[in-house]
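J.:
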Amino acid sequence: MFFTSFTSFMSPDMPRLVGQSVPRKEGRAKVTGQALYVDDVTLPGMLHGVTVRSPVPRGHIRGIHFGDGLPWDEFTIVTARDVPAPNRVVLIMDDQPCLADEIVNHAEEPVVLLAHADKMLVEKARRAVTIDIDPLPAVHSIDEALEGGTIVWGQDNIFKSFLVTRGDVDSVRDRDDIHLVLDIEYETGAQEQLYIEPQGVIAESTADGGITVRGSLQCPYYVHKALVTLFGLPGHKVRVVQMETGGGFGGKEEYPSLIAAHAALLARKAGRPVKLVYDRAEDMVATTKRHPSRTCIRTAVDRDGRLQALDIDFIIDGGAYCTLSPVVLSRGTIHAPGPYFWPNVRVRARAVATSTPPHGAFRGFGAPQSLFALERHMDIMAATLELPPDEFRRRNFIKQGQTSAVGQVMREPVDMDQLLDRALTASDYHAKVKRFAESNPHSRVKKGMGFATFMHGAGFTGSGEEHLASVVDVEVTAEGRVRVLAASTEIGQGTNTIFSQLAADALGVELDDVEIVQPDTAAVPDSGPTVASRTCMVVGRLVETAATSVKAALIEQGALREPYTPATFKDACARYVAEHGPLRRSSRYQPPPGVHWNDEKYEGDAYGTYAWAAYVAEVSVDTTTFETRVDDFVAVQEVGTVIHPVLATGQIEGGVAQAIGYALYENVVWRDGRMANAQMTNYIMPTSMDLPRIQVFFEERPYAYGASGAKGIGELPMDGVAPAIANAIAQVTGTMVCRIPVTPEALMEEMLAPIDG
Amino acid sequence: MADSLHVEVRLRVNGRDTVVRAHPMARLLDVLRQDLHLTGTKEGCGEGECGACSVLLNGELVNSCLLPVLQADAASITTIEGLSQAAGELHAVQQAFLTHGGAQCGICTPGMVLAAVSLLERHPNPTEAEIRSGLAGNLCRCTGYMRIFEAVLQARRRGQALESSA
Amino acid sequence: MRAYLPAYDLRVPETLDEALSLLGSTDPWRPFAGGTDLMVLLDAGKLPEGRYLGLWKLPELRGIEDRADAVVMGALTTYTDVLRHPTLQQDFPLLCRAAEETGGVATQNRGTIGGNIANASPAADTPPALLVYDAELELISSRGRRRVPYDQFHQGYKQMDLAADELIARIIVPKRPHRWTQYYRKVGTRRAQAISKVCLAAALDVDRVAGLVRDVRIALGSVSPTPVRARQAEAALRRSAPDAAGLRNAQQALARDIAPIDDLRSTARYRLHVAQSLLAEGFETLV
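Going line by line, the protein sequences match chains A, B and C. Read in order, the letters of the first sequence are residues 1 to 757 in the numbering used here. Read in order, the letters of the second sequence are residues 758 to 923 in the numbering used here. Read in order, the letters of the third sequence are residues 924 to 1210 in the numbering used here.
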């Protein structure tokens, strides 16, 4: 019953809402400016909080000085001494303090918190606090971390490592049939999420000694767990409410736990509500970014252009504390071999510690880094073999029934050939390659085509979903309203809308009859974090099954008989509630049959399923200025059933845009472990003038265990854009393009290098 | 806080005359949000870069984070709250954003909608290039702008349809 | 918002006399025009504390006057005003291009040409165009008026030939014979809302019968402590044949005209190389 095919949810006399682009559930509130974000809320007696941060990347705190001229007795002041022991933000390793105590481990690390009713005065006070620090040596690069001259974390600066082996990589290169061995290093830079609403929360103490936090966040139960642990409170005394959230992209996955802890510390000490909202400069300089990475790839290919061995050394820079680095590393590791079959594989993966603020979750979560390296490498191999890049890939695509590097047998259909065909046709790839080859010699602006083929595993990696064991409740009221209760947050991607579609379809009611309850840990069960492209596929499935249980209960109790209309459904709800009281049903995640992951061996079904894609970029490189412009972009993907075409298209377009930024513009300038260009003026995200037309195509192949056949979609577009663009630039310029972002300055150095000697 | 420097500033906000007492250098953004409780105008950067705080000042698009309130003295200001009719009928641009996926997380939306309204007033029949340059001061991190362009084009069509039926 | 407002004052005089007398007082006021630069500093808590003088009610600083021999812009002329003015569109395309590439629409509506000049950023977009047009500034104070050729106005990084009691009142751009051809290219960090990394404006007058460059103006932004006229590159081209050899000489001379640096947005190497390449592109476009 649990795994009934999705078609059984259709009610015969109702048009299905799944597949239709219904209006966004909270869209009206957003277009009229009525939607309430955290900074829009003012509570009576509320104070404003600020954070005083470390001016140096590493050192011993000698003292904290409060400058003259401010009425310090009016301020609430919190330091590490006010933090209950252990002074930790709970996540994976529990190594990050709420406030630095004695030692600071990264630039901008929080040391002192201040609150005052006067927002301007507290800002002035922030500048009047001086933290006296004796500097210690810091680590500013992956190389320095690995050299181990300075140890900033644990015994060896390594947060986590994985080793994946399959077959025997070492013996392959000496085989007679090996035609090419290629060893190249790739790098990717940090990337700022740059949600347009900066991070923020409001905390208040409650009369019973508890704490309530409202904020801009992706994962209410992460914050809940962090606060419960920090304050040693029972779960019911901590309440976390998600406000309307102005973008997340991973940036509001783990970081809000820290801000919430800060605001809560201030609020408990002050006995008044405290708002702690970052401005843009603080958000950029202090919060997490995408992990920078370095990937060394060595491959062996036989005479027929078939991949024989892959040997990867994948390293990500985790910054000063562990936070989510092990799981980011894991996803990056599993995606590193790409959508190809490799008889022999070794992936050695490490997350290292440096002295920057911790790097964290960002759409793609490790996969964009390792896939950039691999997809760039595939093109370099093809060029070296003098094979067309599409033909080379076709010889090596993984197929249904084949086994991945971590030992996952591909049981679901995979048809990369078809996706690539469609992408190359839609972009007119072959004709353009030919045409540009003819026109480029006569033009200062040279044009090129590049593509990437890739996949993204949907849902938590490995046994993650089993451990989460997410729960969704659905209830009906006497008025026949359907209420969906989940902790999954709407952060722009459309959670409210798709949950409404899924629940309405499952119950055969109108869209407007469904209400999505605001994520509030006092009211909703833990449906898991809003991350990992899991909300639609995994949690949406739970919405469907919980709704189906509600319907079954109505029928069992004789309140409802099929077929029925939305009106008779309402009558049935009224009857049921009158006779039996409230009707609420839960659904808890269970893994699809036969899906197993072995944590100890790091082996098995890494993901229940994958979304697959082929992306093509058409670019121009201006040889006068070395600027690259993306002129056209085609994104073809297989994502299971498309629940809402407009939202799904918007997810892909937005992801492509963000990834164009990653590929070309978004360069974090580090100076002494600190982001030096922490302004929107100097950290360059694409404007409406910088992006091409983005053509989005879906192949729909329903996935039996996703909501109405859906797979995950949110992160996929982040993975394949940068390598497609880099491949196109390489084709135009004849350079290696092994590092992103490909800024004009970097491209110039590469293009002029032979001339300069 | 020393209020001695505060001045009275006359504003006509969304068609209603009002007088606020504020520091002359206070940002119009803060006066709108804090003094007048019009929180539909958002702050994304405080450096005139993102456009989330866009409002119309005497019909022209401005960043309210870069406007000392005294500069708005005697001016007429339209915020997102002033765009829809009281009866709840959405402006054509708002409706198009709703229908065509122009809003995702919604934080850039009020400013973006006002930028689109201003654009359509200057270019009732905009080309794609005009749409792109007209919205270039309003950053969106969710949509990649494609659904927003579509919404502006559709709002224009809807506006034309209304005109021709009138 | 990081500024502490009680440390600031802002007054808006109704008359020019009042404004000039406040500027000339012993504890002077600083001029404040459109605010698109100063408010960014205020938000960041970096605007010097003190007293500011709003200029926007002074009619003497407004308006664009189209004379027979010149166009005269009040200092408060906004980028949008520039873009809407038919004579500027027709005869001063470099200035319009610069205005178009400054910020977004909202910035263009508030930012002023006078403010762009007085902010004295080496990366400002309009100064290279104004330098190419041999603009003059009319400065005003309670002591009187004076005119300064614009290319002598910027004296060093954020250093100007502008006394504390003086205002930029008007910007005068003389009209030229129509035979001059013109080039402008801003290389920014992106296509809009960008600060320039290199900007080059140029105008060229070629005597096609004699096969000689009759006259030339070249100016750049973001490659020196101030917006800069490339006088040595101009000299290399002037009265020479408009050919590849002439261009090579001019490119070498350009390297002596500018002093680019590494910063958050670009590198000295890139700026030098691209400045020379823009000169080539401009030259080939114009000849």
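Every residue, glycine too, gets a C-beta built ideally from N, C-alpha and C.
Do you know whose CA, among A:G215, A:G251, A:G305 and A:G558, lies nearest A:Y340's CA?
T.: Looking up residue 340 of chain A in the first sequence gives position 340. Residue A:G305 is the option with its Cα nearest to A:Y340.
J.: Just to confirm my understanding: we take B:V777, look at its own chain, exclude 5 residues before and 5 after, and list those with CB closer than 6 Å. What are they?
T.: The residue labelled residue 777 of chain B in the question sits at position 20 within the second sequence. Excluding positions up to five away in sequence, the list reads V766, V788 and D792.
J.: With which residues is C:G1111 paired in a DSSP beta bridge?
T.: As a first step, residue 1111 of chain C is located in the third sequence; it is residue number 188 there, counting from the start. C:S1119.
J.: Alpha carbon to alpha carbon, how far is A:G148 from A:A138?
T.: Within the first sequence, the letter at position 148 stands for residue 148 of chain A. Within the first sequence, the letter at position 138 stands for residue 138 of chain A. Taking the straight line joining both Cα atoms gives about 11 Å.
J.: Identify, in the order they occur along the chain, each residue of the same chain with its Cβ nearer than 8 Å to the Cβ of B:L855, setting aside the five sequence neighbours on each side.
T.: As a position in the second sequence, residue 855 of chain B is number 98, starting the count at 1. So the qualifying residues of the chain are L847.
J.: So which residues of chain C does A:T681 contact, with C-beta pairs closer than 7 Å?
T.: For this step, residue 681 of chain A is matched to residue 681 along the first sequence. The answer, in chain order, is I1118.
J.: At a CB distance below 7 Å, what residues from the stretch 825-856 of chain B approach chain C? Give them in sequence order.
T.: Here the close residues are P825, L827 and Q828.
J.: Checking 8 Å against the spacing of the C-beta atoms, do C:I1181 and C:A1198 come in under that value?
T.: As a first step, residue 1181 of chain C is located in the third sequence; it is residue number 258 there, counting from the start. As a first step, residue 1198 of chain C is located in the third sequence; it is residue number 275 there, counting from the start. In contact: C:I1181 and C:A1198 (Cβ atoms closer than 8 Å).
J.: Compare the C-beta of B:V812 against all C-beta atoms of chain A and say whether one is closer than 8 Å.
T.: Translated into positions along the second sequence, residue 812 of chain B becomes position 55. False, the Cβ-Cβ gap to chain A never drops below 8 Å.
J.: Compute the Euclidean distance between the alpha carbons of A:V806 and A:I202, then round it to the nearest angstrom.
T.: The question about residue 806 of chain A has no answer here: the residues shown for chain A are numbered 1 through 757.
J.: First and last residue of the alpha helix (DSSP H) that includes A:T295?
T.: Along the first sequence, one-based indexing puts residue 295 of chain A at 295. Premise fails: A:T295 lies in the beta strand (DSSP E), S293 to D302, not in any alpha helix (DSSP H).
J.: Excluding the five sequence neighbours on either side, which residues of its own chain have a C-beta within less than 6 Å of the C-beta of A:P12, listed in chain order?
T.: On the first sequence, position 12 is the one that residue 12 of chain A refers to. With a pLDDT of only 47 at A:P12, under 50, the local geometry of the prediction cannot be trusted, and the value read off the model is given with reservation. Hits under 6 Å: none found.
J.: Using a beta-carbon distance below 8 Å, is B:P883 in contact with chain C?
T.: Along the second sequence, one-based indexing puts residue 883 of chain B at 126. So no, B:P883 is outside the interface.
J.: Once the 5 residues before and after A:S8 are set aside, which same chain residues still bring their CB inside 6 Å of it?
T.: Residue 8 of chain A sits at position 8 when you count from the first residue of the first sequence. Unreliable placement is indicated for A:S8, whose pLDDT of 38 sits below 50; no coordinate value is reported for it.
J.: Along the chain, where does the beta strand (DSSP E) that runs through A:H116 open and close?
T.: On the first sequence, residue 116 of chain A is found 116 positions in, with the first residue counted as 1. From DSSP, the beta strand (DSSP E) with A:H116 extends over P110 to H116.
J.: With DSSP collapsed to three states, give me the class of A:V414.
T.: Along the first sequence, read from residue 1 onward, the residue named residue 414 of chain A stands at position 414. It is coil, neither helix nor strand.
J.: Under 8 Å, Cβ to Cβ, is there at least one residue of chain B near C:W1211?
T.: Residue 1211 of chain C is absent from the structure shown; chain C starts at 924 and stops at 1210.
J.: Along the stretch 1102-1132 of chain C, what residues have a CB closer than 7 Å to any CB found in chain A?
T.: Residues passing the 7 Å Cβ filter: V1110, T1112, R1113, R1114, A1115, Q1116 and I1118.
J.: Name the residue from C:K969, C:A998, C:D992 and C:E972 whose alpha carbon lies nearest to the alpha carbon of C:W979.
T.: Counting from one through the third sequence, the residue named residue 979 of chain C turns up at place 56. Nearest C-alpha to C:W979: C:A998.
J.: Kindly list the residues whose CB is nearer than 6 Å to the CB of A:T274, restricted to its own chain and excluding five residues on each side of it in sequence; keep chain order.
T.: Taking the first residue of the first sequence as position 1, residue 274 of chain A is located at position 274. Correcting the residue identity first, residue 274 of chain A is Val in this sequence and not Thr. Contacts found: L47, G49, A115, A203, A263, L266 and A267.
J.: Which residue comes first and which comes last in the alpha helix (DSSP H) that contains A:Q369?
T.: The residue labelled residue 369 of chain A in the question sits at position 369 within the first sequence. First-last of the alpha helix (DSSP H) with A:Q369: A367 to L385.
J.: Please classify B:N882 as buried or exposed, where buried requires at least 16 other C-beta atoms within 10 Å of its C-beta.
T.: Along the second sequence, one-based indexing puts residue 882 of chain B at 125. Per the 10 Å Cβ criterion, exposed.
J.: Got a sec? Which residues, its chain only, sit under 6 Å from C:R1020 by beta carbon, not counting five neighbours each side?
T.: On the third sequence, residue 1020 of chain C is found 97 positions in, with the first residue counted as 1. So the qualifying residues of the chain are Y1107.
J.: Using the beta-carbon of each residue, which ones in chain C are nearer than 9 Å to A:Y665?
T.: In the first sequence, counting from the first residue as 1, residue 665 of chain A sits at position 665. The contacting residues are T1112 and R1113.
J.: Tell whether a beta-carbon distance below 8 Å holds between A:A546 and A:V474.
T.: In the first sequence, residue 546 of chain A corresponds to position 546, counting from 1. In the first sequence, residue 474 of chain A corresponds to position 474, counting from 1. A contact, by the Cβ cut-off of 8 Å.
J.: Would you say C:M1211 lies against chain B (beta-carbon separation less than 8 Å)?
T.: The structure shown has nothing for residue 1211 of chain C, since chain C only spans 924 to 1210.
J.: For A:A724, which residues in the same chain have their Cβ closer than 7 Å to its Cβ, ignoring the five residues on either side in sequence?
T.: By one-based count along the first sequence, residue 724 of chain A stands at place 724. If we look at A:A724 and ignore the five residues flanking it on each side, its Cβ neighbours are G450, F451, A452, Y615, V616 and A617.
J.: With a threshold of 8 Å between beta-carbons, can B:T866 be considered close to chain A, or not?
T.: On the second sequence, residue 866 of chain B is found 109 positions in, with the first residue counted as 1. Yes, because at least one Cβ of chain A sits closer than 8 Å to the Cβ of B:T866.
J.: Once you ignore the five residues that flank A:E465 on each side, which residues in its own chain have a CB closer than 7 Å to its CB?
T.: For the purposes of this step, residue 465 of chain A is identified with residue 465 of the first sequence, where counting begins at 1. The answer, listed in chain order, is G459, V538, Y589 and P591.
J.: Kindly indicate if chain B contains any beta-carbon less than 8 Å away from that of A:L194.
T.: Residue numbering aside, residue 194 of chain A sits at position 194 when the first sequence is read from its first letter. So yes, A:L194 belongs to the interface.
J.: Pull up the distance between the alpha-carbon of C:A1167 and that of A:F436, whole angstroms please.
T.: In the third sequence, counting from the first residue as 1, residue 1167 of chain C sits at position 244. In the first sequence, counting from the first residue as 1, residue 436 of chain A sits at position 436. Their backbone Cα atoms lie some 27 Å apart in a straight line.
J.: Taking 8 Å as the threshold (C-beta atoms), are C:I987 and C:D1014 in contact?
T.: For the purposes of this step, residue 1014 of chain C is taken as residue 91 along the third sequence, with counting starting at 1. For the purposes of this step, residue 987 of chain C is taken as residue 64 along the third sequence, with counting starting at 1. Result no, Cβ atoms of C:D1014 and C:I987 do not sit closer than 8 Å.
J.: Against chain C, with Cβ distances strictly below 8 Å, would A:F3 count as a contact?
T.: Walking along the first sequence from the start, residue 3 of chain A turns up at place 3. Reliability fails at A:F3, whose pLDDT of 35 lies under 50, so the model's placement of it is uncertain and the value that follows must be treated cautiously. Output row for A:F3: interface = no.
J.: So, at 6 Å on beta carbons, what are the nonlocal neighbours of A:P220 in its own chain, with the 5 sequence-adjacent residues on each side left out?
T.: As a first step, residue 220 of chain A must be located in the first sequence, where it is residue number 220. Cβ neighbours of A:P220 beyond the five flanking positions: V240, Q242, A487, P519 and T521.
J.: Mapping DSSP to helix, strand and coil, what is A:W670?
T.: Sequence index remark: in the first sequence, residue 670 of chain A carries index 670 (1-based). A:W670 falls in the strand class under three-state DSSP.
J.: Just verifying my parser: in three-state terms, what is the DSSP assignment at C:Y931?
T.: For the purposes of this step, residue 931 of chain C is identified with residue 8 of the third sequence, where counting begins at 1. Strand, per DSSP.
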